[in-house]
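Written out below as structure tokens is the structure these notes cover.
In our numbering, the protein residues as written are 11 to 351.
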């Protein structure tokens, strides 16, 4: 029996993206497929547009903007399928993008989540920042990707055309088993948006699951559809959520060491923002730290409830920030592969 797959798009005022990208999504070549749009309190014409032009697409309305994490939790609790695909509204898909991923996941029950190759919609020969060819994390908790280190993305020359295990899969096009999603209780609502998929992947790995990158599936992502990278609120979320994630998932001793170090590094980032005249971003870093400490006990209580298995694969045993700025390494292929645990 062919497994049922549900593509679930969380929409917030994204009518223009739905108009542009739903045709490719609806042309996806998979026989047992449902497409669901979760409307996250949109105030544009998205709901009416869908009802009029795509009556076959199921709509689930949250009523208010719950953010990415809580929004998906709300919607997916109301979707029935064997596999969920969390898909950003600003993604164009290729016709046969689903089958290779489901085939991979069916081949190994331990594979809980998978991402396809993520290329840039505007520059299709380039990897896209959010996910590229699969995500990793360094020993200080900084995420990066094959095909993208910090702000430097690579051109796709087929150098990442071999599927492999990774540390985290991007939320832009995120395949996950329903059973694994339910076991982990979905995303952490307190993240609101940004880095919540890395936290989920970390929890999945700690529970003994695998995360993979499928090179035989490709999608094209616009990126920054809701919050562009210059938005101070995105700065706030990234700095705060990074600290949340480290406190939740590292061992106690490691968490104390890494968080103390990260606070000092964040201070350097704050000073750099001020030097560049980005006062709002500097304030965002400060607000992120205040929010982290205000919620310290709440996050600590979450940590106690999580399964801990500290021999987790695909962690880079080095500093990606040092390699990038001090050693000038801008490509994943230039990193020493023996440093990956």
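Quick reminder that beta carbons are idealized off the backbone N, C-alpha and C, glycines included.
What you are looking at is a predicted structure, and each value in this text was computed from that prediction instead of being measured.
In this structure, the straight-line span from the alpha carbon of residue 208 to that of residue 141 is close to 11 Å.
For the 8 Å CB-CB criterion, residue 54 and residue 75 do not form a contact. In the three-state scheme derived from DSSP, where H, G and I count as helix and E and B as strand, residue 18 is classed as strand. Counting along the chain, the unbroken beta strand (DSSP E) around residue 174 starts and ends at 174 to 176. With a threshold of 16 other beta carbon atoms within 10 Å, residue 172 falls short and is exposed. Apart from the 5 residues on each side of it in sequence, residue 296 sits with its Cβ closer than 8 Å to the Cβ of 280 in its chain, given in chain order.
In this structure, DSSP gives residue 292 a helical state, which the three-state scheme calls helix. A distance below 6 Å between beta-carbons, with the five flanking residues on each side excluded, links residue 232 to the following residues of its chain, in chain order: 100 and 131. Taking 8 Å as the cut-off, the Cβ atoms of residue 96 and residue 184 count as close. Distance from the CA atom of residue 230 to the CA atom of residue 292, rounded to whole angstroms, is 32 Å.
About 6 Å separates the beta carbons of residue 175 and residue 222, which is inside the 8 Å limit, making them a contact pair.
Counting along the chain, the unbroken alpha helix (DSSP H) around residue 62 starts and ends at 56 to 63. Secondary structure of residue 339 (DSSP, three-state): coil. Taking all protein chains shown into account, residue 348 has fewer than 16 neighbouring C-beta atoms within 10 Å of its C-beta and is therefore exposed. Annotated three-state conformation of residue 104 is coil, per DSSP. Taking 8 Å as the cut-off, the Cβ atoms of residue 228 and residue 332 do not count as close.
Non-local C-beta neighbours of residue 37 in its own chain, meaning closer than 7 Å and more than five positions away in sequence, comprise 105, ordered along the chain.
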